[in-house]
Amino acid sequence: MLTRGSLELEGRLVGASNASFLGEVSLDGTTLRCIYKPVRGERPLWDFTDGTLAGRERAARVVSQAGGWEIVPPTVLRDGRFGPGMCQRWVDVGSDRGLVDVVGPDIEEAGWIAVLEAEDHRGNPVLLVHKDDDRLRDMAVFDVVINNADRKGGHILLDPAGALWGCDHGVCFH
Numbered sequence: 007m008l009t010r011g012s013l014e015l016e017g018r019l020v021g022a023s024n025a026s027f028l029g030e031v032s033l034d035g036t037t038l039r040c041i042y043k044p045v046r047g048e049r050p051l052w053d054f055t056d057g058t059l060a061g062r063e064r065a066a067r068v069v070s071q072a073g074g075w076e077i078v079p080p081t082v083l084r085d086g087r088f089g090p091g092m093c094q095r096w097v098d099v100g101s102d103r104g105l106v107d108v109v110g111p112d113i114e115e116a117g118w119i120a121v122l123e124a125e126d127h128r129g130n131p132v133l134l135v136h137k138d139d140d141r142l143r144d145m146a147v148f149d150v151v152i153n154n155a156d157r158k159g160g161h162i163l164l165d166p167a168g169a170l171w172g173c174d175h176g177v178c179f180h
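At position 81 of the sequence shown the residue is numbered 87 (the numbering used here), and the sequence of numbers has no breaks.
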């Protein structure tokens, strides 16, 4: 469906560093939300060959499947309104806290692991924490395998059914 369906763009995701568009793919009366990142919207990086991020996103999906992780949502290379690029199934996130958080230094919760101490924008101490969840270990192993240079808390998604997904894998395989 992602490959052959009609791709209609709904709008641009303005917080992304590269051109990224929320869209919808339709085929035979079925629709699916997606994110489309055209190659020509990729910002040059000094340490990555220009025009390769979309392909790296697709490669991450292939490795995720081959390794049995199923971390990366279905991802294809296809043409869209702005030329060739990556098209990936959109992951709606649930309303819960997620798996990564920044909390005050005195907050200790069972089932959460402190990763590092830091300061917020006002100079107040904070802790970066993550849930004690085996799926994060699996994601960390996956990130090592693909040499992911860009895992952020916002790239770790929990859908409403509780499935764990990782997104934004353009800066991998280096």
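A virtual CB, placed ideally from N, CA and C, is assigned to each residue, including glycine.
From a predicted model like this one, the values you see are computed outputs, not experimental measurements.
Express the C-alpha separation of CYS173 and ILE152 in angstroms, rounding to a whole number.
-> To locate residue 152, count along the sequence shown from 1; it is residue 146. To locate residue 173, count along the sequence shown from 1; it is residue 167. ILE152 and CYS173: Cα-Cα distance of roughly 13 Å.
Sorted by chain position, which residues of the same chain lie with C-beta nearer than 6 Å to TRP96's C-beta, five sequence neighbours on each side aside?
-> In the sequence shown, residue 96 corresponds to position 90, counting from 1. Taken in chain order, the residues that qualify are ARG39, CYS40, ILE41.
Decide if VAL20 is buried, meaning its Cβ has at least 16 other Cβ atoms within 10 Å, or exposed.
-> Stepping through the sequence shown from its first residue, residue 20 is reached at position 14. Classification for VAL20: exposed.
Ignore the nearest five residues each way along the sequence and tell me which others in THR1's own chain have a CB closer than 6 Å to its CB.
-> Lying outside 7 to 180, the shown extent of the chain, residue 1 is not represented and no answer is given.
Euclidean distance between Cα positions of VAL31 and ALA155 | Locating residue 31 in the sequence shown gives position 25, counting from the first residue. Locating residue 155 in the sequence shown gives position 149, counting from the first residue. If you take the alpha carbons of VAL31 and ALA155, they lie about 29 Å apart.
Per DSSP, what kind of secondary structure is LEU105 in: helix, strand or coil?
-> For the purposes of this step, residue 105 is taken as the residue at position 99 of the sequence shown. Three-state result, LEU105: coil.
Measuring CA to CA, which of VAL106, VAL121, ASP53, GLY89 is closest to ILE162?
-> Within the sequence shown, the letter at position 156 stands for residue 162. If we check each option's Cα against that of ILE162, VAL106 comes out closest.
ALA66: buried (16+ other C-beta within 10 angstroms of its C-beta) or exposed?
-> Taking the sequence shown and counting its residues from 1, the one referred to as residue 66 is at position 60. With 16 or more other Cβ atoms within 10 Å, it is buried.
State buried or exposed for GLY117, treating a residue as buried only when at least 16 other CB atoms are found within 10 Å of its CB.
-> Locating residue 117 in the sequence shown gives position 111, counting from the first residue. Burial call: exposed.
Closest by C-alpha distance to GLY11, when choosing among ALA25, LEU33, SER26, ARG18 | Numbered from 1 along the sequence shown, position 5 holds the residue referred to as residue 11. Between GLY11 and the set ALA25, LEU33, SER26, ARG18, the nearest pair of CA atoms involves LEU33.
Assign PRO166 to one of two classes, buried (16 or more other C-beta atoms within 10 Å of its C-beta) or exposed (fewer than that).
-> As a first step, residue 166 must be located in the sequence shown, where it is residue number 160. The C-beta of PRO166 has fewer than 16 other C-beta atoms within 10 Å across all chains shown, which makes the residue exposed.
If we ignore side chains and look at the alpha-carbon of each, how far apart do ASP139 and SER70 end up?
-> Numbered from its first residue, the sequence shown carries residue 139 at position 133. Numbered from its first residue, the sequence shown carries residue 70 at position 64. Near 18 Å, if we compare the C-alpha coordinates of SER70 and ASP139.
By how many angstroms is the C-alpha of MET7 removed from the C-alpha of ASP126?
-> Here residue 126 is taken as the residue at index 120 of the sequence shown, counted from 1. Here residue 7 is taken as the residue at index 1 of the sequence shown, counted from 1. Roughly 43 Å between the two C-alpha positions.
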